[in-house]
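Written below as structure tokens is the structure these notes are about.
In this note's numbering, the protein residues as written are 104 to 353.
Structure, rendered in structure tokens:
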């Protein structure tokens, strides 16, 4: 059976853990050349070792515009083209509306919406015809989850880009689609500063949101990303694939 991404040059932002790291693992298994980014140099090196040293590692902060231009330049120096991009890096901060200040708001929007927009602008000359761009949205863009106001708005903006950029770039052979995870079991919950009991209670609340009664896995998200990056999805353009256990629709 042929490998689904054989020979494709692929970029995954936020590839040091969770969905991004698992997607890098699956892309490699399907024959792709893979570059991953991360803000933290030590985490990036650790991910590279976990992936068998077979990936191009690029330190980059998704919220810094200078880093986005530098990322595009580094890829151009190593590769002749880009066949698939998965913009996965994100700020997952959730808090009540009254607890937001302008700096935190700008930081989240810079990472989740502004940075990805200008990265795509910088990558455009590298994107092949045909190629696939996958924007990591969230089911939060479709539901009224408390404390998700800024995060959900940023993801709604990103999903809108999947439609508008597909319309703008269709003649270039570039497909842009959204991949929207539902609640997924990653280390992100451990970064919220909760105690063990609080984290367990939150996980239970999240499970109760999901009609099928469990959280998703990074592998389930990665398999969806493989489909969208591959030629199997060549007729899938400007849309959104919700991998959310039914949260957004049931």
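Glycine included, every Cβ here is placed at the ideal spot set by N, Cα and C.
In the structure shown, residue 246 adopts coil according to DSSP, grouped into three states.
Around the Cβ of residue 189, a 10 Å sphere holds 16 or more other Cβ atoms; the residue is buried. With contacts defined as CB atoms closer than 9 Å, residue 282 and residue 343 qualify as a contacting pair.
For the pair residue 288 and residue 269, the Cα-to-Cα distance works out to about 30 Å. Apart from the 5 residues on each side of it in sequence, residue 276 sits with its Cβ closer than 8 Å to the Cβ of 231, 232, 233 and 234 in its chain, given in chain order. Distance from the CA atom of residue 329 to the CA atom of residue 341, rounded to whole angstroms, is 17 Å. Straight across, the Cα-Cα distance linking residue 183 with residue 252 is about 40 Å.
In the DSSP assignment, residue 181 falls outside any beta strand (DSSP E) and lies within the alpha helix (DSSP H) extending over 168–181.
Each of 332, 117 and 191 was checked against the Cα of residue 160, and the nearest Cα belongs to 117.
Listed in chain order, the non-local C-beta contacts of residue 142 below 6 Å within the same chain comprise 164, local neighbours out to five positions each way being set aside.
For residue 193, the CB contacts under 7 Å within the same chain, skipping 5 residues up- and downstream, are 117, 214, 215 and 239 in chain order. In this structure, DSSP gives residue 210 a helical state, which the three-state scheme calls helix.
Per DSSP, reduced to three states, the secondary structure at residue 219 is helical. Excluding the 5 residues flanking it on each side, residue 217 has same chain C-beta neighbours closer than 8 Å at 166 and 168, in chain order. In the structure shown, residue 300 falls within a helical segment according to DSSP collapsed to helix, strand and coil. About 6 Å separates the beta carbon of residue 286 from that of residue 313, a gap short enough to meet the 8 Å contact definition. Closest by C-alpha distance to residue 199, out of 248, 346, 127 and 135, is 248. Across the structure, residue 114 and residue 279 are spaced so that their CA atoms are roughly 14 Å apart. Counting along the chain, no beta strand (DSSP E) covers residue 266; the unbroken alpha helix (DSSP H) around it starts and ends at 252–272. Sequence-distant partners of residue 333 (beyond 5 residues in either direction) whose C-beta falls short of 7 Å from its own C-beta, in its chain, are 107 and 108. By the Cβ criterion, the stretch 258–272 is not in contact with the stretch 298–317, since fewer than three pairs of Cβ atoms, one from each stretch, lie closer than 8 Å. Going by DSSP, residue 190 is part of the beta strand (DSSP E) stretching over 185–190. Your pair residue 257 and residue 211 checks out as a contact, with CB atoms roughly 6 Å apart and the cut at 8 Å. The alpha-carbon of residue 351 is positioned some 22 Å away from that of residue 336. When only Cα atoms are considered, residue 339 and residue 153 end up about 32 Å apart. Taking C-beta atoms under 8 Å as the contact rule, residue 185 and residue 174 fail to qualify, at a distance of about 11 Å.
Within 10 angstroms of the beta-carbon of residue 128 lie 16 or more other beta-carbons, which makes it buried.
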